[in-house]
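Under UniProt numbering, the residue at position 172 of the sequence shown is numbered 172, and the numbers go up by one with no gaps.
Beta carbons: idealized from backbone N, C-alpha and C, even for Gly.
What you are looking at is a predicted structure, and each value in this text was computed from that prediction instead of being measured.
What follows is a set of notes on a single structure, which appears directly below.
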Amino acid sequence: MSIGDAEPMTEICSVWEKVVMTFKGSCLSSLFSQASLQGIALGKHITMLKTRHVLSWLCIMVLFHLSKADVGTATSYNPPYIPSACYGNDRSKFPSNNLFASAGEGIWDNGASCGRQYLVRCLSAATPNTCIAGKTVQVEIVDRAASSVSRPVKPGTVMVLNVNAYGVIANPSVSEINIEYIQA
Numbered sequence: 001m002s003i004g005d006a007e008p009m010t011e012i013c014s015v016w017e018k019v020v021m022t023f024k025g026s027c028l029s030s031l032f033s034q035a036s037l038q039g040i041a042l043g044k045h046i047t048m049l050k051t052r053h054v055l056s057w058l059c060i061m062v063l064f065h066l067s068k069a070d071v072g073t074a075t076s077y078n079p080p081y082i083p084s085a086c087y088g089n090d091r092s093k094f095p096s097n098n099l100f101a102s103a104g105e106g107i108w109d110n111g112a113s114c115g116r117q118y119l120v121r122c123l124s125a126a127t128p129n130t131c132i133a134g135k136t137v138q139v140e141i142v143d144r145a146a147s148s149v150s151r152p153v154k155p156g157t158v159m160v161l162n163v164n165a166y167g168v169i170a171n172p173s174v175s176e177i178n179i180e181y182i183q184a
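And the structure:
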């Protein structure tokens, strides 16, 4: 599953509201079950509420499945890209599609992040209409943002995308975006 396939936030909120309402229904199901033990016939309603209870658990499982990605901020950086903390002056180790990033301290992991692939999606920015809807970019970590030759636009971000990767998911004229990312 790619993070680009995730439902929009409004749909998730709608699902969550249904889960809450279903949870209230499951409480009623318990009450009705007790009432049926006392001889009150509510078979059709209990079956319906039990079905809704099962559906609520399915909705909760879907919500947890969609939440495997992390969120943070990203900026962009321009050439020169070498030397890099991962590959030194060896430009041949950079991805051939020219979509790469520098790792912020949160994902640098003492250099273990070198070569890792991430799926990145723009969520929002301070400037409206910055994100390119429905676009996700896969980048490879080739450098450490804190020590890169070309400094990021804004320090302290989770990921610093090269200008090509940044342009796939956001308007390059905006300096910082909020992202959702997951290791590919």
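Looking from the CA of S173, the closest CA among Y181, A112, V163, N97 belongs to V163.
Taking a 10 Å sphere around the C-beta of R144, we find 16 or more other C-beta atoms and assign the residue as buried.
Taking 8 Å as the upper bound for CB-CB distance, G106 and G134 are not in contact here, some 26 Å apart. Judged by their CB atoms, S96 and V160 are not nearer to each other than the 8 Å cut-off. Collapsing the DSSP output to three states places I182 in a strand. Counting the other CB atoms within 10 Å of its CB gives R91 a total below 16, which places it among the exposed residues. Around the beta-carbon of G115, fewer than 16 other beta-carbon atoms lie within 10 Å, marking it exposed. Between A101 and V139, the beta carbon gap of about 4 Å places them in contact (Cβ cut-off 8 Å). In its chain, beyond the 5 residues on either side, V71, T73, L123, S124, A125 have a beta carbon closer than 7 Å to the beta carbon of N178.
Between A170 and T130, the CB-CB gap stays under 8 Å. In the structure shown, D90 adopts coil according to DSSP, grouped into three states.
The secondary-structure analysis by DSSP pairs G72 across a beta bridge with I179. Between the C-alpha atoms of A112 and P80 there is a straight-line separation of about 23 Å.
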